[in-house]
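To start, the structure under review is shown below, and the notes come after it.
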Amino acid sequence: TQCGFKAFRTESAQAILHDLLERGFAFDVELLLKIEQRNPDGIAKAPIAWIDSEAESTTTALSPYLTMLRSIASMNRKYLPADPKSEAFVSFVESLDESQWNQLVENVPDAIATRNPAHFGQFDEISPNDLNAILQDA
């Protein structure tokens, strides 16, 4: 979702733009989540011409990603049903400081690093305890 171009139908945008949590880089994640909840078939890819520019990117450093992850954790609490497994991850993310985040980025478990992003929908190979162990070992 981290692309500068987003397109929404007027009626869809009007229905989801109220009561947003996020005003930063994760805003598009919240919009997509709200659209998906309103209409599970409401998201589609549309072909466009796009020129990506590393020089013009505002997300080249790792600094915004912990903030984004925290925002996504807040969205989990606001929009999704309570779930003990999710809550464990949300609490873990909320507890991270910048140094711990950087440690995790430098020590991403192979089960995450080598997995095709399309296959994370039912992923349960890594737990918050596994991630805490990485922080203890680093």
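Each residue of the sequence shown is one higher than the one before, starting from 269 at the first, in our numbering.
For glycine and all other residues, C-beta sits at the position ideal for the given N, C-alpha and C.
Quiz item: For Leu301 versus Phe276, is the C-beta distance shorter than 9 Å?
Solution: The count along the sequence shown starts at 1 and reaches residue 301 at position 33. The count along the sequence shown starts at 1 and reaches residue 276 at position 8. No.
Practice problem: Measure the Cβ-Cβ separation of Ile311 and Ile319 and say whether it is below 9 Å. | Solution: Within the sequence shown, numbered from 1, the residue matching residue 311 stands at position 43. Within the sequence shown, numbered from 1, the residue matching residue 319 stands at position 51. No. Outside cutoff.
Quiz item: Helix, strand or coil: which one does DSSP assign to Arg345?
Solution: On the sequence shown, residue 345 is found 77 positions in, with the first residue counted as 1. DSSP places Arg345 in helix when its eight states are reduced to three.
Quiz item: Any chance the region 377 to 388 sits against the region 343 to 359, with 3 or more Cβ pairs inside 8 Å?
Solution: With the cut-off at 8 Å, the region 377 to 388 and the region 343 to 359 do not touch.
Self-check item: Beta-carbon spacing of Pro396, Ser359 below 9 Å
Solution: Along the sequence shown, read from residue 1 onward, the residue named residue 396 stands at position 128. Along the sequence shown, read from residue 1 onward, the residue named residue 359 stands at position 91. Yes, these two residues count as a Cβ contact at 9 Å.
Quiz item: Can you tell which of Phe391, Phe357 and Pro385 has its C-alpha closest to the C-alpha of Asn400?
Solution: One-based indexing of the sequence shown puts residue 400 at position 132. Comparing Cα-Cα distances from Asn400 to each of Phe391, Phe357 and Pro385, the minimum goes to Phe357.
Quiz item: Rounded to whole angstroms, how far is the Cβ of Tyr347 from the Cβ of Gln305, which I believe are closer than 8 Å?
Solution: Position 79 of the sequence shown holds residue 347. Position 37 of the sequence shown holds residue 305. Confirmed, about 6 Å.
Quiz prompt | Best match in Met343, Ser363 and Asp309 for proximity to Asp287 [C-alpha to C-alpha] | solution = The residue you call residue 287 lines up with position 19 of the sequence shown. Measuring from the Cα of Asp287, the nearest candidate turns out to be Met343.
Quiz item: In this structure, does DSSP put Ile319 in helix, strand or coil?
Solution: Position 51 of the sequence shown, counting from 1, holds the residue named residue 319. Three-state DSSP puts Ile319 in coil, outside helix and strand.
Quiz prompt | Same chain, Cβ closer than 8 Å to Ser313, neighbours up to 5 away in sequence not counted | solution = Numbered from its first residue, the sequence shown carries residue 313 at position 45. Sequence check: residue 313 is Lys here, not Ser. Nothing listed; no residue qualifies.
Exercise. Kindly indicate which residue of Phe273, Asp309, Asp365 and Pro308 has the alpha-carbon position closest to the one of Asp296.
Key: In the sequence shown, residue 296 corresponds to position 28, counting from 1. Closest option to Asp296, Cα to Cα, is Phe273.
Practice problem: Measure the Cβ-Cβ separation of Ala341 and Val373 and say whether it is below 9 Å. | Solution: On the sequence shown, residue 341 is found 73 positions in, with the first residue counted as 1. On the sequence shown, residue 373 is found 105 positions in, with the first residue counted as 1. Taking 9 Å as the Cβ cut-off, Ala341 and Val373 do not qualify as a contacting pair.
Practice problem: Over the uninterrupted alpha helix (DSSP H) stretch that includes Lys302, give me the two end residues. | Solution: For the purposes of this step, residue 302 is taken as the residue at position 34 of the sequence shown. Lys302 -> alpha helix (DSSP H) spans Phe295 to Arg306.
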